[in-house]
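Enquirer: In case it helps, the numbering used here puts the sequence shown at residues 24 to 143. Structure provided below as structure tokens; questions to follow.
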Amino acid sequence: MDNTPEQSCIFCSIAAGDAQSEIVYSDDQMVAIKDVNPQAPVHVLLIPREHNLESLNDASKLDLSLLGHLLYIAAKIANRMEIAESGYRVVINTGEAAGQSVAHLHVHLLGGRDLTWPPG
Ligand code: DGP
Numbered sequence: 024m025d026n027t028p029e030q031s032c033i034f035c036s037i038a039a040g041d042a043q044s045e046i047v048y049s050d051d052q053m054v055a056i057k058d059v060n061p062q063a064p065v066h067v068l069l070i071p072r073e074h075n076l077e078s079l080n081d082a083s084k085l086d087l088s089l090l091g092h093l094l095y096i097a098a099k100i101a102n103r104m105e106i107a108e109s110g111y112r113v114v115i116n117t118g119e120a121a122g123q124s125v126a127h128l129h130v131h132l133l134g135g136r137d138l139t140w141p142p143g
């Protein structure tokens with residue numbers, strides 16, 4: 024029975040290998056997967072393995088290393104997927120008005136096309 028946030032969280036299931044996804048990078052702190060509903064030719068989600076941060080609003084100083092790691096790996100993946108030169112965007116949707124739909128902190132890496140500004 025799903026009785027904890029982790030047990031009912033799709034990103035926890037993906038990080039644990041219990042739900043299918045296309046993994047592009049993995050380490051002891053995070054996994055990076057292809058977004059199931061891509062908004063650009065490259066659309067990767069960087070997902071911490073731990074569920075403790077439901078959004079960026081939950082971050083404390085204890086999370087500085089993890090947050091830095093997510094950004095650092097985003098840049099590494101951008102380089103590996105050959106969008107570093109053309110340009111890319113790193114996005115953390117936070118809360119309802121920003122369109123956050125999964126309550127488990129995640130970073131979007133988008134690239135491979137011209138990205139308009141301001142975002143919608
Ligand atoms: P956000 O709206 O910022 O919470 O982004 C959530 C993203 O997660 C959204 O772009 C779609 C993606 N997503 C949701 N469920 C799954 C899934 O089961 N697999 C994959 N690969 N992506 C998912």
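In this text, a Cβ means the ideal position worked out from N, Cα and C, and glycines have one as well. Predicted model, so just to flag it, every value in this text is computed and none were measured.
Provide the residue(s) that pair with histidine 131 in DSSP beta bridges, ordered along the chain.
Expert: Leu68, Val114
Enquirer: Less than 6 angstroms separating the Cβ of asparagine 102 from some heavy atom of the ligand DGP?
Expert: Asparagine 102 Cβ: outside cutoff for every heavy atom of the ligand DGP.
Enquirer: Might you give, ordered along the chain, the residues of its own chain that have their beta carbon closer than 7 angstroms to the beta carbon of glutamate 119, omitting 5 neighbours on each side?
Expert: There are no such residues.
Enquirer: Can you find at least 3 beta carbon pairs, one from the region 67-82 and one from the region 42-57, that sit closer than 8 angstroms?
Expert: yes
Enquirer: Take proline 141 as the anchor and find which of Val130, Ala82, His129, Ala121 has the nearest alpha-carbon.
Expert: For the residues Val130, Ala82, His129, Ala121, the minimum Cα distance to proline 141 belongs to Ala121.
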